[in-house]
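What follows is a short report on a single structure.
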Amino acid sequence: MNPLNHVAIIMDGNGRWGLKYKNSRNAGHKEGLKTVEKIINETIKNRIKFLTLYAFSTENWKRPKKEINYLFNLLENFLNNRLEDINKQNIRIKILGYKKFSSKLNKLLNLAEKKTSKNSKLQINLALNYGSKTELINAFKKIYKKKGKINEKNLEKNLQTYNIPDPDLLIRTGNTKRLSNFLLWQLAYAEIFFEKKLWPAFTEKEYKKIIKEFRSIKRNFGKI
Ligand code: FPP
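According to the working numbering, the sequence shown holds residues -3 to 220 in order.
Have a look at this one:
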């Protein structure tokens, strides 16, 4: 049975779900947050130590301002309402990506990271304003500046995921098969599951099914 230490998720399909059932993309984001809560609980139940959620990419800035504001309000309310509880549940929050939001949200994200930094049951990496190409370029720049050697170990030390093991499993919901500039280096050996269901409709049942299938795969890592 494969050990499962780190699950990464591209939570796609909020907009389509919202338009289909509530005539509003933002309603899909609101419903998507409920799925986030369910999946966090199921991740803990399965004793998985790292969960990385792609919540906002560097490309998502191209969306209408109204949708962007809605997403960040949702995140702000979520942290304001749930941070105490998250901390009590021994969950650590880490942000991947550059915190270039309103000063209020930046402060809240810093607080969430600081307050939960010693927690050890589950680490949730929230990818916000995250783009893998930018992350890689900046890692190379940092090495170059320090006149360091270009090798795997050095590169990994300079990525935003330093000290986080690579994902074993990537799930993308929403019936689309692409990586969308997400953890391009770190996913080199991940098992990838593309799920037809839109993120708000994704349930613990489908998640458990994927975990079960993942556990039974023969993972070779290039060997035979
Ligand atoms: C992709 O669906 C989803 C996002 C860009 C945002 C993800 C946000 C959430 C799940 C809710 C908030 C989360 C937190 C952690 C507060 P899409 O809008 O691209 O869907 P579409 O492909 O149907 O348009």
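Cβ atoms here follow ideal geometry from the backbone N, Cα and C, with glycine treated the same way.
Predicted, not measured: the structure shown is a model, and the values here were computed from it.
DSSP places Tyr50 within a strand segment (E or B) once states are collapsed to three. Comparing C-alpha distances from Asn121 to each of Lys214, Tyr94, Lys100 shows the shortest one belongs to Tyr94. Under the three-state reduction of DSSP output, Ala123 falls in the strand class. As the crow flies, the alpha-carbon of Asn1 is around 35 Å from that of Tyr17. Counting only the Cα atoms, Ile213 lies some 14 Å from Leu166.
In summary, Pro163 is buried, with 16 or more beta-carbon neighbours lying within 10 Å of its beta-carbon over all protein chains present.
Residues of the same chain with a CB within less than 6 Å of the CB of Lys100, apart from the 5 flanking positions on each side, do not exist. Segment contact: the stretch 100 to 119 against the stretch 133 to 143, fewer than three CB-CB distances shorter than 8 Å; contact not assigned. Taking C-beta atoms under 8 Å as the contact rule, Ser128 and Leu180 qualify, at a distance of about 4 Å. Secondary structure at Phe136: helix, using DSSP grouped into helix, strand and coil. The alpha-carbon of Ala123 is positioned some 32 Å away from that of Lys219. Between Asn154 and Lys138, the beta carbon gap of about 5 Å places them in contact (Cβ cut-off 8 Å). Rounded to whole angstroms, the separation of the alpha carbons of Phe46 and Pro161 is 8 Å. DSSP, reduced to helix, strand and coil, places Arg88 within a strand of the structure shown.
Residue Asn216 holds the alpha-carbon nearest to the alpha-carbon of Ala186 among Arg21, Asn216, Glu202.
Between the stretch 78 to 91 and the stretch 9 to 24 there are fewer than three inter-stretch CB-CB distances shorter than 8 Å, so the stretches are not counted as touching.
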